[in-house]
Amino acid sequence: MKRPSLLVIYAFAYLIFLYLPVMFLPLFSFNSGTIVAFPIKGWTLDWYRKLGEQDTLIQALWNSLGVGAVTALLATAMGLFAARAFVRYRFRGQAAAEGLVMLPLVIPGIIVASSMLVLFLFLGLQPSLVTVTLGHTFLALPFAVSILKSAFDDFDASLEEASYDLGCGVFETFRRVTLPVVAPGIVASILVTFTVSFDEFVLAFFLSGNQPTLPVYIWSQIRFPAKLPNVLALGSILLFASAMLLVLAKYFQRRSTTRDV
Amino acid sequence: MFKPRSEAARGYALSSPATAYVGFLVAAPLVILITYSFWTQTYVTLDKTPTLGNYRAALSDPLVHHLMLRSIWIAGAVTLATVVLAYPIAYFIAMKARRKTIWLLLITIPFWSSYLLRVFAWKLILGFNGVMNSALLGLGLIDEPLDFLLYNEFAVVLTLAHAWAPFAILPIYVSLQKIDPSLLEAATDLGNSPLQRFLRVTLPLTVPGIIAASLIIFVPTVGDYVTPALVGGSDGKMIANLIQVQFGAANNWPLGATLSLLAMMSVGFVAIVFVIAGRGLGGRIR
Chain A
5 MKRPSLLVIY AFAYLIFLYL PVMFLPLFSF NSGTIVAFPI KGWTLDWYRK LGEQDTLIQA
65 LWNSLGVGAV TALLATAMGL FAARAFVRYR FRGQAAAEGL VMLPLVIPGI IVASSMLVLF
125 LFLGLQPSLV TVTLGHTFLA LPFAVSILKS AFDDFDASLE EASYDLGCGV FETFRRVTLP
185 VVAPGIVASI LVTFTVSFDE FVLAFFLSGN QPTLPVYIWS QIRFPAKLPN VLALGSILLF
245 ASAMLLVLAK YFQRRSTTRD V
Chain B
18 MFKPRSEAAR GYALSSPATA YVGFLVAAPL VILITYSFWT QTYVTLDKTP TLGNYRAALS
78 DPLVHHLMLR SIWIAGAVTL ATVVLAYPIA YFIAMKARRK TIWLLLITIP FWSSYLLRVF
138 AWKLILGFNG VMNSALLGLG LIDEPLDFLL YNEFAVVLTL AHAWAPFAIL PIYVSLQKID
198 PSLLEAATDL GNSPLQRFLR VTLPLTVPGI IAASLIIFVP TVGDYVTPAL VGGSDGKMIA
258 NLIQVQFGAA NNWPLGATLS LLAMMSVGFV AIVFVIAGRG LGGRIR
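Line by line, the protein sequences are chains A and B.
Residues 5 to 265 in our numbering are what the first sequence spells out, letter by letter.
Residues 18 to 303 in our numbering are what the second sequence spells out, letter by letter.
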């Protein structure tokens, strides 16, 4: 048997480095002691049970779900049109347009957050879930565009031409030919943009006013050592939910696009 | 029969909602930030007489200098550490791994977990009474808790290098994938050792990926707020923390706007220098 090379050993060590830190959250969320340190005192589900009793947490959860859902729809809708334009058509300034749409990925969070706060107040919009949603849509758009671009990449344009030739109009062609083929990409985009919004903190911290999203709520709890086990339990649930959403998104993204029209 | 409009017109029409939205949310705040930076605020009264006072105050404040330089140096250290650690794994996935998709998925999953929670996990690990210290004590490797783990620049660099790992791996992986295998064969046929081949062919051809990875990490890291706030302590604070104070507790928006603009300009300047330097270095076989 071949001895594993150094590179393989390094690869596995790297995976451990990536995953181990995050694994401590779920591990200690079952610890009956309130201090996050070894040895673990005992195992308990109490911290999870107590989550349901906290009204502010439940409210923050609903806030996050609402913001995430609207963000996912807005970003995916705009991303869908843009991705189609970028893949299907050639036009002057296209590279600049594609670059512009990717810009939210690389602007430092604090600058996006502070400048949007100033802008929204200037426009007379008080910090609220509405401003958070507008900000999150901005952040999520590059993800939607890149996922949907790869969905349209796999799409054979001659299918649409065939549909036109057979007498279908623009909307009918979109509904009966284009939409079914790129549907997995749309689902993937919705899941990913929802996750981006659901996990985002800095923008929400600046823009949420007195309507905290879940990460903002967690931030307010982190400062109190007594609240630590709660944060651990809540955090573990979030980690699990995000991972599930991503795996689901990947599944849809990879799903074959060569299905019946 | 359906008559399509011109391609370009349809392209503009379809892409305009996205570009207009992003364009507006980039440009409008910038204009307002610039305007604000020329105003002054004392407590609640906003004086709209244009002045360079904020810039003068910010540029002559040693704290601002200090935090700006530290932000740039921390971001630089994070970039270097992340890229150096990520290169071998990107190489492994692109050149050696049999199940590339699985590896790529494994690498990206942690990135999708909440950034706030990942940083928080490091705070728990590195703390004085934290996971690492209690484990080492329990194993009898140390006699008393190590106090240099948390609340300093080291903690910030470590945490950020962990948080940004996928962003370094993916661009480098893509550039490795693009290398024509016949170039590697040619290098071997011409008598290069594997190391020579790597240094003369593989590494130079992946410079664009390395530059992309570095920019993707460096630019947002300079303005990172969460990590310095949670694990930086007073020795690890960065410019974003000062900006947040201006928009929050200090309630001096004009100064906050000025600092944001100065931070953006510094980041842009360093990034441009880096790209130019990088272009000169690589991209072709030596």
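Quick reminder that beta carbons are idealized off the backbone N, C-alpha and C, glycines included.
Please read these numbers as outputs of a predicted model, since none were measured by experiment.
Between A:G103 and A:V149, the beta carbon gap of about 11 Å keeps them out of contact (Cβ cut-off 8 Å).
When only Cα atoms are considered, A:V105 and A:V91 end up about 14 Å apart.
Distance between B:G250 and B:A294, taken at the CA atoms: about 34 Å. Residues of chain B whose Cβ lies closer than 7 Å to the Cβ of A:Q225 do not exist; the shortest such Cβ separation is about 10 Å. The C-alpha of B:L177 lies about 44 Å from the C-alpha of A:F178. Taking C-beta atoms as the reference points, A:G113 and B:P237 count as a pair closer than 8 Å. Within the segment 52–64 of chain B, those residues whose Cβ lies closer than 7 Å to any Cβ of chain A are, in chain order, Y53. It is roughly 38 Å from the alpha-carbon of B:G147 to the alpha-carbon of B:A75. Here the segment 58–76 of chain A does not lie against the segment 245–257 of chain A, with fewer than 3 beta-carbon pairs under 8 Å apart. Look at the segment 87–112 of chain A: the residues with a C-beta under 8 Å from a C-beta of chain B are R88, A89, F90, R92, Y93, R94, F95, R96, Q98, A101, L104, V105, L107, P108, L109, V110, I111, P112. Take the alpha-carbon of B:L201 and the one of B:T99: they are about 26 Å apart. B:G273 and B:Q263 do touch by the CB rule: their CB atoms are close to 3 Å apart, below 8 Å. Within 7 Å of the CB of A:M82, the CB atoms of chain B belong to P34, A35, Y38, in sequence order along the chain. Closest option to A:Y221, judged by alpha-carbon separation, among A:A230, A:P188, A:F205: A:F205. In this structure, B:I289 keeps its C-beta atom at 8 Å or more from the C-beta atom of A:A247. Taken through DSSP and simplified to helix, strand or coil, B:Q58 comes out as strand.
Residues of chain B whose Cβ lies closer than 9 Å to the Cβ of A:T217 do not exist, since the nearest Cβ in that chain is about 11 Å away. Note on the segment 185–220 of chain A: there is no whole beta strand (DSSP E) run with a minimum of 3 residues.
Per DSSP, the continuous alpha helix (DSSP H) segment holding B:K117 begins and ends at 117–129.
Only W270, G273, A274, S277, A280, M281 from the segment 269–283 of chain B bring a Cβ to less than 8 Å from some Cβ of chain A. Residue-level contact by beta carbon holds for A:V40 and chain B, with a gap shorter than 8 Å.
Under DSSP, no beta-bridge partner is assigned to A:D50.
Judged by their CB atoms, A:P216 and A:S224 are nearer to each other than the 8 Å cut-off. With contacts defined as CB atoms closer than 8 Å, A:I151 and A:V196 qualify as a contacting pair.
Counting along the chain, A:F21 sits inside the alpha helix (DSSP H) bounded by residues 10–33. Proximity of the segment 179–194 of chain A to the segment 113–132 of chain A falls short of the contact definition, fewer than three beta-carbon pairs being nearer than 8 Å. Taking 8 Å as the Cβ-Cβ cut-off, the segment 19–43 of chain A approaches chain B at L19, F21, L22, Y23, P25, V26, F28, L29, F32, I39, V40, A41, F42, P43, given in chain order. Spanning the alpha carbons of B:Y242 and A:F209 requires a straight line of approximately 11 Å.
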